[in-house]
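Trainee: The sequence shown begins at 1054 in this note's numbering and counts up by one.
The C-beta atom is built at its ideal place from N, Cα and C for all residues, glycine as well.
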Amino acid sequence: MLNALEVVTTVVVGLMVGVEFSVAFIMNRILDALPEDSGQLGHAHGGRMLGALMPFWYIGSLVLSAIWAVAGWHHHGAGLVVTAAGLLIVSVVMSVLLLVPINNRNRTWTPGNRPADWKQQLHRWERYHYVRVAVIVAAFTLLVAALT
């Protein structure tokens, strides 16, 4: 049963890392290259769509990692899993304190109601997001290392 939990957790966290990596290094560049207001509208739509999904994915990843840490406490790699779970906690705290407030504003913006500093706010979100991606990549790496 522990092996199944390890695999499910690693896959769930790995997929989350893939989505967030794609947002950071692919989707944002595509949206920023669109003409006129299309990019801003795309960011708003992405904020609504992923803003509804990602909280469950982040919390689910954290819960799975915590269960793995408890269930595998006396097994090889437990320290790596605990550290990974700690990093996932950091990513959730970062999200709630830094990224979600900006995203909650962004997802309601239209060309008619966006603030004058909307681009600066999106760039701030992107900088925080790069750090969050690094944190969850590190967590994923530790989970993979714990499998060996």
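(1) Take A1086 and list the residues in its own chain whose beta-carbon comes closer than 8 Å to its own, dropping the five residues that flank it on each side.
(2) With burial defined as no fewer than 16 other Cβ atoms inside 10 Å of the residue's Cβ, what is the status of N1157: buried or exposed?
(3) In this structure, does DSSP put W1126 in helix, strand or coil?
(4) Could you tell me whether the segment 1105-1113 touches the segment 1124-1132, using the rule of 3 or more Cβ pairs below 8 Å?
(5) May I have the straight-line CA-CA distance separating V1143 from M1054, to the nearest angstrom?
(6) Helix, strand or coil for N1166? Go by DSSP, reduced to three states.
(7) Answer yes or no: do L1115 and L1141 have a C-beta to C-beta separation smaller than 7 Å?
(8) What span of residues does the alpha helix (DSSP H) with F1078 cover, start to end?
Mentor: Taking the structure as given:
(1) Same-chain partners within the cutoff: G1092.
(2) Answer is exposed; the Cβ neighbour count stays below 16.
(3) Residue state, collapsed to three classes: coil.
(4) The segment 1124-1132 and the segment 1105-1113 do not touch, with fewer than three beta-carbon pairs separated by less than 8 Å.
(5) Distance between the alpha carbons of V1143 and M1054: 28 Å.
(6) N1166: coil per DSSP, three-state reduction.
(7) Their beta carbons are under 7 Å apart, which means L1115 touches L1141 by this criterion.
(8) No alpha helix (DSSP H) contains F1078, which DSSP labels as neither H nor E.
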